[in-house]
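Colleague: Chains as they are written, first to last, in this note's numbering: chain A, 1 to 211; chain B, 212 to 669.
#1: When the Cα atoms are used, what is the spatial distance from residue 401/B to residue 433/B?
#2: Taking only beta carbons into account, state which residues of the stretch 142-162 of chain A come closer than 7 Å to chain B, listed in chain order.
#3: Within 7 Å of any Cβ in chain A, is that where the Cβ of residue 472/B sits?
#4: Would you say residue 228/B faces chain A, with C-beta separation under 7 Å as the test?
#5: Taking Cβ-Cβ distances below 8 Å as the criterion, which residues of the stretch 258-289 of chain B are in contact with chain A?
#6: Does the distance from the CB of residue 377/B to the CB of residue 652/B come in under 7 Å?
#7: Note the first and the last residue of the continuous beta strand (DSSP E) segment covering residue 327/B.
#8: Near residue 364/B, what residues of its chain come up, given a Cβ to Cβ distance below 7 Å and the 5 sequence neighbours on each side ignored?
#9: So, is the C-beta of residue 461/B closer than 7 Å to a C-beta in chain A?
#10: Is the number of C-beta pairs between the stretch 578-588 of chain B and the stretch 612-621 of chain B that are closer than 8 Å three or more?
#11: Whole alpha helix (DSSP H) runs in the stretch 386-421 of chain B with 4 or more residues, listed along the chain?
#12: So with Cβ pairs under 7 Å, would you call residue 50/A a contact of chain B?
#13: Which class does residue 204/A belong to by DSSP, given the choice of helix, strand or coil?
#14: Please identify, using Cβ separations under 9 Å, the residues of the stretch 161-191 of chain A that lie next to chain B, in order along the chain.
#15: Where does residue 508/B sit, in a helix, a strand or coil, going by DSSP?
#16: Check whether chain A comes within 7 Å of residue 171/B, counting only Cβ atoms and requiring the distance to be less than that.
#17: Does the distance from the CB of residue 191/A to the CB of residue 180/A come in under 7 Å?
#18: Along chain A, which residues have their Cβ under 8 Å away from the Cβ of residue 469/B?
#19: If residue 466/B and residue 429/B are in contact, beta carbons under 8 Å, what's the gap, nearest whole angstrom?
#20: Since residue 220/B meets chain A, which of its residues come closer than 8 Å, beta carbon to beta carbon?
#21: Beta-carbon of residue 441/B versus every beta-carbon of chain A: anything under 7 Å?
#22: Roughly how many whole angstroms lie between the Cα atoms of residue 96/A and residue 142/A?
#23: Which of helix, strand or coil does DSSP assign to residue 57/A?
#24: Under the three-state reduction of DSSP, which class applies to residue 215/A: helix, strand or coil?
#25: Considering only the beta carbon of each residue, do residue 600/B and residue 476/B sit closer than 7 Å?
#26: Closest by CA to residue 9/A, which one among 18/A, 37/A, 46/A?
#27: Can you tell me whether DSSP reads residue 117/A as helix, strand or coil?
#28: Within 10 angstroms of the Cβ of residue 163/B, are there 16 or more other Cβ atoms? Answer buried if so, exposed if not.
#29: Please confirm whether residue 465/B has its beta-carbon closer than 7 Å to some beta-carbon of chain A.
#30: For residue 383/B, which of 353/B, 349/B, 412/B, 372/B has the nearest alpha-carbon?
#31: I believe residue 580/B touches residue 548/B by the beta-carbon criterion, under 8 Å. Please report the beta-carbon distance rounded to the nearest angstrom.
#32: Under the rule that 16 or more other beta-carbon atoms within 10 Å means buried, what is residue 53/A, buried or exposed?
#33: Distance, Cα to Cα, residue 251/B vs residue 613/B?
#34: In chain order, what residues of the stretch 107-118 of chain A put their CB closer than 8 Å to some CB of chain B?
#35: Taking 7 Å as the cut-off, decide whether the C-beta atoms of residue 293/B and residue 241/B are in contact.
#36: I'd like to know whether the C-beta of residue 198/A is nearer than 7 Å to at least one C-beta of chain B.
Following this line, the structure appears as structure tokens:
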């Protein structure tokens, strides 16, 4: 479950900011251990998103510290907060701010859903097609049960692309593989699930805009 | 950002429960097409319709595809043709009807409503032309739909008009005898006709309406029936009727939001105002897409059994509550339709002898739109047909709501016989009319039943 953690442009509290990715077997106390370590360093958690997939916990966050440390030291410090028998896996790197998309090109948000018999390479095919069209994947969900997959992905589609052609391409791609696929504007999901108003389709929203 | 479970639940509604938009109806005022010559009326009418509605179907298809929601019917409603026919004769009525038929075909629209007259207090010469030309018009055109308003809660019930409609129905049935009286399926006789109804055959554009608007009919009852079944499967015996009403409300909220989303975008693309969303659950003969199915899901083993009226009342109220929260532009009929031939479960209930005309009438007192798509024997006297209309419109007039009658006297048809109308109109078993021939003297009095008292409401 992903919440919109990018709705406003984030400014770290302290000058030395790092991206941390923590992975562990899911169990109570991980967030507590990680956040205590950051607090002990005098630092601040500036943004974070946690998810659990298949019993594994991952936490991706940006933390900032008053004093600089090397990313590897920071990673080691955070990892040490986990149980000795099964330490957290931590990756850290310096935070360089949010990347700008080319000229803040107008995009519309779409949802792609696909269902069918699972086999290796499906996400690669879909994502390869989307990447070729400069379509950004903002969220991806995949699950497999009884040999069948469900894929749900939220996309930012550049306004210049012809929707009917995209849908036709995707349906052809899915047809070759024997899947069902749908590409639908996100407003239909907003309308049916949320109390907020659907945004008017034009003008297109700039990248990272609030909504 | 959307959550995965939200996306999945919408996908479920779309693919497993066939969420759709039932109709996008372009409502168009054509009063400016009046002219002194018959040919000129036809030319102006055709030009205006094609200019305004030419892009309706492509806009609906494109926007439906963008959202993955099919728009099932694209239709056209016009201001009452009685306005255009003032000062003209029956020949012009036929010209107007043929023009409507051809212009609708050219736009790819399957039905056009508005061959209408409002006669709840009195009949003008133009109204008279509309009524007398109905047999020829409904037999001679494919897409034209007609409606006559014979009563209102302010004017009372025009029994002269109703008596005339009894005769007109038999004339239409006779003129379309080869199609088992199918012409009558394209005519609705109303009390308190809504001015913004997008559903056929009763769609027309009322006097208070804008030049052009897009009105929407939301998805059908199949979505509601599926949502109820799923909830019952999950929670079974722990549910109360209050919980089920809540489920109906939530489902109707969702379908209404989809309808408005698509309607507003179609309106924007056509450059006209968005009008209303009609919340009515409109069944189709497709199995499962049925108000009767909802009643069965609510625990009525036989539709028409005691409890049916209460169930319809609960359904209609929940539909309105969900829809009214979803949209500030709710209008039209906004209830639950129980058109017998168009609803497979209702048609079967009639065939099995569970649902009588009288019980249907009782059910219409708590829903919209009235006695709809009911086949009766072809030898039902005109005065009895008029009395059926009078009974139904009395419910509307006294309760300050819209009611209507779309009844088909099937030429040569006997009670119990199955009649096939085809397509969206489905098939119906001819219903027994008890007491046929016993209302003549009442109808013959004519005149107007006065408007009902607005106080002492018990």
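No residue lacks a Cβ here, since even glycine has one placed at the ideal position from N, Cα and C.
From a predicted model like this one, the values you see are computed outputs, not experimental measurements.
Modeller: Taking the coordinates as given:
#1: As a working note, residue 401/B is residue 190 in the second chain. As a working note, residue 433/B is residue 222 in the second chain. Roughly 27 Å separates the two Cα atoms.
#2: Per Cβ criterion, the list reads 152, 154.
#3: Walking along the second chain from the start, residue 472/B turns up at place 261. Residue contact with chain A for residue 472/B: present (Cβ-Cβ distance below 7 Å to some residue of chain A).
#4: The count along the second chain starts at 1 and reaches residue 228/B at position 17. No, its Cβ sits nowhere closer than 7 Å to a Cβ of chain A.
#5: From the stretch 258-289 of chain B, only 273, 276, 277, 278, 279, 280 have a Cβ closer than 8 Å to chain A.
#6: Against the second chain, residue 377/B aligns to sequence position 166. Against the second chain, residue 652/B aligns to sequence position 441. The Cβ-Cβ distance between residue 377/B and residue 652/B does not fall below 7 Å.
#7: Residue mapping note: residue 327/B aligns to position 116 of the second chain, counting from 1. In the DSSP annotation of this structure, the continuous segment of the beta strand (DSSP E) that includes residue 327/B starts and ends at 323-329.
#8: Residue numbering aside, residue 364/B sits at position 153 when the second chain is read from its first letter. Once the five neighbours on either side are set aside, the close Cβ partners of residue 364/B are 403, 608, 611, 662, 663.
#9: If you number the second chain from 1, residue 461/B lands on position 250. Chain A contact via Cβ: absent.
#10: As far as the Cβ criterion goes, the stretch 578-588 of chain B touches the stretch 612-621 of chain B, which means the pair count is three or higher.
#11: none
#12: As a first step, residue 50/A must be located in the first chain, where it is residue number 50. For residue 50/A, the answer is no, since every Cβ of chain B falls outside 7 Å of its Cβ.
#13: For the purposes of this step, residue 204/A is identified with residue 204 of the first chain, where counting begins at 1. Only weak support is given to the placement of residue 204/A: the predicted model assigns it a pLDDT of 41, under 50, and the question is left unresolved by the model.
#14: 163, 164, 167, 180, 182, 183, 184, 185, 186, 187, 188, 189, 190, 191
#15: The residue you call residue 508/B lines up with position 297 of the second chain. Note: residue 508/B maps to helix in three-state DSSP.
#16: No statement about residue 171/B is possible, as the shown extent of chain B runs from 212 to 669 and does not include it.
#17: For the purposes of this step, residue 191/A is identified with residue 191 of the first chain, where counting begins at 1. For the purposes of this step, residue 180/A is identified with residue 180 of the first chain, where counting begins at 1. Not closer than 7 Å, so no.
#18: The residue given as residue 469/B occupies position 258 in the second chain. Chain A residues near residue 469/B: 188, 191, 192.
#19: Here residue 466/B refers to the residue found at position 255 of the second chain. Here residue 429/B refers to the residue found at position 218 of the second chain. Indeed they touch by this definition, with Cβ atoms about 5 Å apart.
#20: Locating residue 220/B in the second chain gives position 9, where the first residue counts as 1. Ordered by position in chain A, the residues that pass the 8 Å Cβ test against residue 220/B are 192, 193.
#21: The residue given as residue 441/B occupies position 230 in the second chain. For residue 441/B, not one C-beta of chain A is nearer than 7 Å to its own C-beta.
#22: Position 96 of the first chain, counting from 1, holds the residue named residue 96/A. Position 142 of the first chain, counting from 1, holds the residue named residue 142/A. Rounded to whole angstroms, residue 96/A and residue 142/A show a C-alpha spacing of 30 Å.
#23: On the first chain, residue 57/A is found 57 positions in, with the first residue counted as 1. Here residue 57/A sits in strand by DSSP.
#24: As shown, chain A starts at 1 and ends at 211. That puts residue 215/A outside it, with no answer to give.
#25: For this step, residue 600/B is matched to residue 389 along the second chain. For this step, residue 476/B is matched to residue 265 along the second chain. Not closer than 7 Å, so no.
#26: Translated into the one-based positions of the first chain, residue 9/A becomes position 9. Of the candidates 18/A, 37/A, 46/A, the one whose C-alpha sits nearest the C-alpha of residue 9/A is 46/A.
#27: As a working mapping, residue 117/A is identified with position 117 in the first chain. Residue 117/A: strand per DSSP, three-state reduction.
#28: No statement about residue 163/B is possible, as the shown extent of chain B runs from 212 to 669 and does not include it.
#29: To locate residue 465/B, count along the second chain from 1; it is residue 254. Yes, because at least one Cβ of chain A sits closer than 7 Å to the Cβ of residue 465/B.
#30: In the second chain, residue 383/B corresponds to position 172, counting from 1. Checking every option, the nearest Cα to that of residue 383/B belongs to 349/B.
#31: Here residue 580/B corresponds to residue number 369 of the second chain, with the count starting at 1. Here residue 548/B corresponds to residue number 337 of the second chain, with the count starting at 1. Taking a contact as a CB-CB distance under 8 Å, the pair residue 580/B and residue 548/B counts as one, their CB atoms being some 6 Å apart.
#32: As a first step, residue 53/A must be located in the first chain, where it is residue number 53. Classification of residue 53/A: exposed, given that the 10 Å Cβ count is below 16.
#33: The residue you call residue 251/B lines up with position 40 of the second chain. The residue you call residue 613/B lines up with position 402 of the second chain. Taking the straight line from one Cα to the other gives about 35 Å.
#34: 111, 113
#35: Residue numbering aside, residue 293/B sits at position 82 when the second chain is read from its first letter. Residue numbering aside, residue 241/B sits at position 30 when the second chain is read from its first letter. In this structure, residue 241/B does not lie closer than 7 Å to residue 293/B by Cβ.
#36: Taking the first chain and counting its residues from 1, the one referred to as residue 198/A is at position 198. Cβ-Cβ to chain B under 7 Å: yes for residue 198/A.
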